[in-house]
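Worksheet for the structure shown next.
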Amino acid sequence: MGAVKTKRMPRAVREQQMLDAAVEIFGQRGYMAASMDEIAELAGVSKPLVYLYLNSKEDLFTACIRREARALVDAVRSGVRTDLPADRRLWDGLLAFFAHTAAHPHAWSVVHLQARTHGETFAAEAAAMREEIVAFVTHLIAVAAREAPSHSRTCTSGGTPLDPDLPEREVAGLAEALVGAAESLAVWANATDGVTARQSAATLMNFAWAGLGNLMEGHSWTPPES
C-alpha cells in the first residue's frame, strides 16, 4: 500500500492550528504537564512537524503567550469608542475584556496564570501585555479627568482647589488598581458557573465608577489623620 497522503495546507494556517491546540492543552493541563504528543494529536499533525514549525516546547509556549496576549489587547482597544462619554468608554473596555476572557478561558489561563509561574522569559511576555493594557486604561482615566466639566472639579470635598487634571501618580495608581481588579475578577468569573461577561463588567463598573466619578467631580476621600 502506498503512503497516505495528507491534505496540503499553507504553513501559516497549519501553524495556527498548532497554536490553537497548544493553547487548549496548556490551558487545561498547565505548561509542565502538557506534552507535545497531546498537542500534535489535537492539531492533527505529527510531533516532528510541530518541532519543525515551532522548534521546541518553550518556543511553542512563547508563541501561544504572544498570540493570545495580542488578541486580548486588541479586543480591549477595539471595544472602546473615543467619541463616547467617559463612563461609556470605561464600560465598553471592561465589557470587551470580560467578554474575551470568558470566550477564551484557556487563553486567559495561559496568559495570566501559566505564563507568570513558569520562568522569567514567559513572565516577561505576559508583563508586556499587562503594561500595554495598564497604559491604555491610564490614558482613558486621564482623558476622562480632562474632559470633566470645569465647574464640577473646582474643589475637593475639603474645599482645596483641584488641579484641572488628576495628578499623574494618582491616575497611574487608579489604572493599576482597576486592571488588577479586572484580572482577579476574570479568574473568579471563569471558575464560577453562571457568571456572564456582562455581569462581571457591571460588577467592576459599579465598584470603580462610583469612586472615579466622584474624583472627576472633585469629590475625593481624605484619610483621617493618625
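Numbered per our numbering, the sequence shown spans residues 238 to 463.
We treat Cβ as the ideally placed atom computed from N, Cα and C, and that holds for glycine.
Check whether residue i and residue j have beta carbons under 8 Å apart
| i | j | result |
| --- | --- | --- |
| P342 | G264 | yes |
| E368 | A352 | no |
| T375 | V424 | no |
| T299 | T354 | no |
| T426 | A339 | Note that residue 426 is Ala in the sequence shown, not Thr. Yes, Cβ-Cβ distance for A426 and A339 is below 8 Å. |
| L279 | E261 | yes |
| R325 | L256 | no |
Backbone secondary structure at residue i - three-state DSSP
| i | result |
| --- | --- |
| R251 | helix |
| S293 | coil |
| H341 | coil |
| Y288 | helix |
| E462 | coil |
| L321 | coil |
| G410 | helix |
| S315 | helix |
| L374 | In the sequence under discussion, the amino acid at residue 374 is Val, which differs from the Leu named in the question. Residue state, collapsed to three classes: helix. |
| S283 | coil |
| H349 | helix |
| D430 | coil |
| A270 | coil |
| R304 | helix |
| M246 | coil |
Sequence-distant residues of the same chain with beta carbon closer than 8 Å to residue i, five excluded per side
| i | result |
| --- | --- |
| A419 | L331, F334, F335, L441 |
| L321 | D329 |
| E462 | none |
Contact set for residue i: own chain, Cβ-Cβ below 7 Å, skip 5 residues either direction
| i | result |
| --- | --- |
| K284 | M273, D274, A277 |
| V371 | A412, E413, V416 |
| V464 | The chain is shown from 238 up to 463; residue 464 falls before or after that span and cannot be answered. |
| I302 | V347, V348, A352, F359, E362, A363 |
Where residue i falls, given that 16 or more other Cβ within 10 Å makes a residue buried
| i | result |
| --- | --- |
| S230 | One cannot answer for residue 230 here, as it falls past the ends of the chain, which runs 238 to 463. |
| F444 | exposed |
| L377 | buried |
| S293 | exposed |
| L289 | exposed |
| A270 | exposed |
| M246 | exposed |
| A323 | buried |
| V287 | buried |
| V282 | buried |
| E344 | Reading off the sequence, residue 344 comes out as Ala, not Glu. Burial call: buried. |
| A258 | buried |
| A190 | Lying outside 238 to 463, the shown extent of the chain, residue 190 is not represented and no answer is given. |
| Q253 | exposed |
| V317 | buried |
Same chain, Cβ closer than 6 Å to residue i, neighbours up to 5 away in sequence not counted
| i | result |
| --- | --- |
| P401 | Any reading at P401 must be qualified, since the residue scores a pLDDT of 48, below 50, and its modelled position is unreliable; the value itself is stated next. There are no such residues. |
| E433 | Reading off the sequence shown, one finds Thr at residue 433, where the question assumed Glu. Cβ neighbours of T433 beyond the five flanking positions: none. |
| H337 | L309, A312 |
| A379 | V408 |
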